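Single-structure report; data block below.
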Amino acid sequence: MGAVVTSGVVVVTGSASGLGARIRERASGDGWAVAGIDVAGGEYQADVRDPAALRRVFAEIRERYGRVAGLVNSAGLTRPGPSATLPEADWRMVVDVDLSGTFFACQAAFGHFAECASVVNISSIAAARGLPARAAYSAAKAGVTGLTNALAAEWGPLGFRVNAVGPAWTNTPLVRKMVADGVLDERSMTDAIPLGRLCTEDDVADAVLFLLSARASFVNGQTLYVDGGYSAAG
1 MGAVVTSGVV
11 VVTGSASGLG
21 ARIRERASGD
31 GWAVAGIDVA
41 GGEYQADVRD
51 PAALRRVFAE
61 IRERYGRVAG
71 LVNSAGLTRP
81 GPSATLPEAD
91 WRMVVDVDLS
101 GTFFACQAAF
111 GHFAECASVV
121 NISSIAAARG
131 LPARAAYSAA
141 KAGVTGLTNA
151 LAAEWGPLGF
161 RVNAVGPAWT
171 NTPLVRKMVA
181 DGVLDERSMT
191 DAIPLGRLCT
201 EDDVADAVLF
211 LLSARASFVN
221 GQTLYVDGGY
231 SAAG
């Protein structure tokens with residue numbers, strides 16, 4: 001189709017805190033108009049598990065900003081715990097938010113995409129490497145990678161690119177809290193990463209902004225692991 005879009009609105013889900021908030025800030029700093037969606041409120045409030053709410057919000061965004069040039073699906077959560085005793089509610093919550101929410105946001109945005117729009121889904125290294133006590137999260141993020149591939153194949157002929165970014169453990173408020181609570185051990189995490197440190201929010205934002213941009217105009221259906229070599233180390 002035509003030239004790659006370098007202007008227009010970028011929509012970020014999960015934009016109120018953590019990684020989503022940083023991606024929103026960085027996209028705005030790069031000159032994009034940015035609309036944030038979060039269950040906690042902000043510019044646009046919606047639960048990504050609710051397709052009707054997402055359809056309403058995307059219609060409002062279209063009315064205010066015009067067509068959607070980029071969509072970043074950053075809304076997500078985790079509920080760690082032994083697989084044998086993981087509560088059903090925890091499993092459903094993680095899969096519903098991380099996987100179904102990503103699909104519902106893509107679906108709601110579809111009719112509002114600009115020509116050559118770019119979708120970036122936030123996956124995880126958990127999609128590629130088994131993480132003990134993270135069954136729901138690993139399954140959901142593996143699903144996000146599969147969804148990314150399927151949409152890239154289906155929507156590519158329309159000129160829309162769909163990719164994913166898969167971070168390793170990222171130094172977000174959630175991870176810092178889990179370290180403080182003893183759920184995660186920072187030393188063991190950094191020891192497993194060849195570059196010897198946690199991923200930062202800016203590391204992830206850099207990858208997202210690349211995939212949104214014209215520099216990635218022929219990148220489609222890829223998961224870019226931002227993991228300091230963790231996946232390569234086996």
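Position 149 (the sequence shown) corresponds to 149 in full-length UniProt numbering; numbering is contiguous. For each residue, glycine too, the CB sits at the ideal point set by N, CA and C. None of these values were measured; they are calculated from a predicted model.
Using beta carbons (cut-off 7 Å, strictly below), is residue i in contact with chain B?
i	result
Leu-174	Absence of chain B from the displayed structure is noted, only one protein chain being present.
Using a Cβ-Cβ cut-off of 6 Å (strictly less than) and excluding sequence neighbours within five positions of residue i, which residues of its own chain qualify?
i	result
Ala-142	Ala-127
Leu-224	Val-165 and Ala-207
Ala-180	none
Comparing alpha-carbon positions, which option in the options lies nearest residue i?
i	options	result
Leu-77	Leu-151, Asp-185, Gly-20 and Ala-214	Gly-20
Val-119	Leu-71, Leu-86, Leu-99 and Phe-104	Leu-71
Gly-101	Val-183, Ser-123, Pro-82 and Thr-172	Ser-123
Val-10	Leu-99, Ala-69 and Ala-108	Ala-69
Leu-212	Ala-114, Glu-60, Ala-139 and Cys-199	Ala-114
Arg-64	Asn-73, Glu-43, Ser-74 and Ala-84	Glu-43
Per DSSP, what are the beta-bridge partners of residue i in this structure?
i	result
Ser-118	Gly-70 and Arg-161
Cys-199	Thr-170
Tyr-225	Gly-166
Thr-78	According to DSSP, Thr-78 bridges with nothing at all.
Cys-13	Strictly speaking, residue 13 in this sequence is Thr, with Cys absent from that position. Beta-bridge pairing links Thr-13 to Ile-37 and Asn-73.
Tell me which same chain residues have a C-beta within less than 7 Å of the C-beta of residue i, skipping the five on either side of it?
i	result
Gly-229	Ile-193, Pro-194 and Leu-195
Gly-18	Thr-172, Pro-173 and Leu-174
Ala-136	Arg-79, Leu-86, Asp-90, Trp-91, Val-94 and Val-95
Excluding the five sequence neighbours on either side, which residues of its own chain have a C-beta within less than 8 Å of the C-beta of residue i, listed in chain order?
i	result
Ala-232	Pro-194
Phe-104	Val-48, Arg-49, Asp-50, Pro-51 and Leu-54
Write down the C-beta distance between residue i and residue j rounded to the nearest angstrom, noting that I regard them as a contact closer than 8 Å.
i	j	result
Arg-161	Asn-220	5 Å
Ala-38	Gly-14	Looking at the sequence provided, one finds Asp at residue 38 rather than Ala. About 6 Å separates the two Cβ atoms, so the contact holds.
residue 235	Ala-46	The requested residue 235 does not occur in the structure, where the chain is confined to residues 1 to 234.
Ile-125	Ala-168	5 Å
Open item on the list: If we require 4 or more residues per run, which alpha helix (DSSP H) segments fall completely within the region 16 to 76?
Closed with: 18 to 29 and 51 to 65
Task: Continuous beta strand (DSSP E) assignments of at least 3 residues falling wholly in the region 104 to 155 - done: 113 to 122
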